[in-house]
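First up is the structure itself, then whatever we jot down about it.
Numbering (the numbering used here), first residue to last: 20 to 165.
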């Protein structure tokens, strides 16, 4: 009986865990985006003096970074355009990790967060959407229409 419960419910547990990962990523990135829009001038100043994103003006970098933090995790949570959203979040996280390393090189704990988030996001880049996603639903409808 226990063996049956443990091994037949794996899909349910796996998809539930995967949904929790998406919720966690939403919390991390969306909350960061909300913090940035609360004090826009401080955000632009951060991009000008702390983050210093190469090849972009501080204003453009602030808009792109904040927009990405607010839009991409919502798409990932919904499972809509999962891979493009994950790639965008991965790039955003990589740029943030790079900027973080330049400003606080000796604080490895903060860098571990970026590594963890990057690993979580990489799962969606490699494996795509889960069955609990809009992408999966649209794929089923498209396949049934053929």
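Note that beta-carbon positions come from the ideal geometry of N, C-alpha and C, so glycine has one too.
In the three-state DSSP reduction, residue 36 falls in the helix class (H, G or I).
About 6 Å separates the beta carbons of residue 154 and residue 99, which is inside the 8 Å limit, making them a contact pair. Between residue 52 and residue 101, the C-beta spacing is not below 7 Å. For the 7 Å CB-CB criterion, residue 122 and residue 69 form a contact. In the same chain as residue 34, and ignoring 5 residues on each side of it, the C-beta atoms closer than 8 Å to its own belong to 149, 150 and 151, in chain order.
By the beta-carbon neighbour count (other beta carbons within 10 angstroms, threshold 16), residue 63 is buried. Counting C-beta pairs with one atom in each stretch, the region 106–125 and the region 87–96 have three or more that are closer than 8 Å, which means they touch.
The residues 116, 119 and 120, in chain order, have a CB closer than 8 Å to that of residue 130 in the same chain once the five nearest residues on each side in sequence are set aside.
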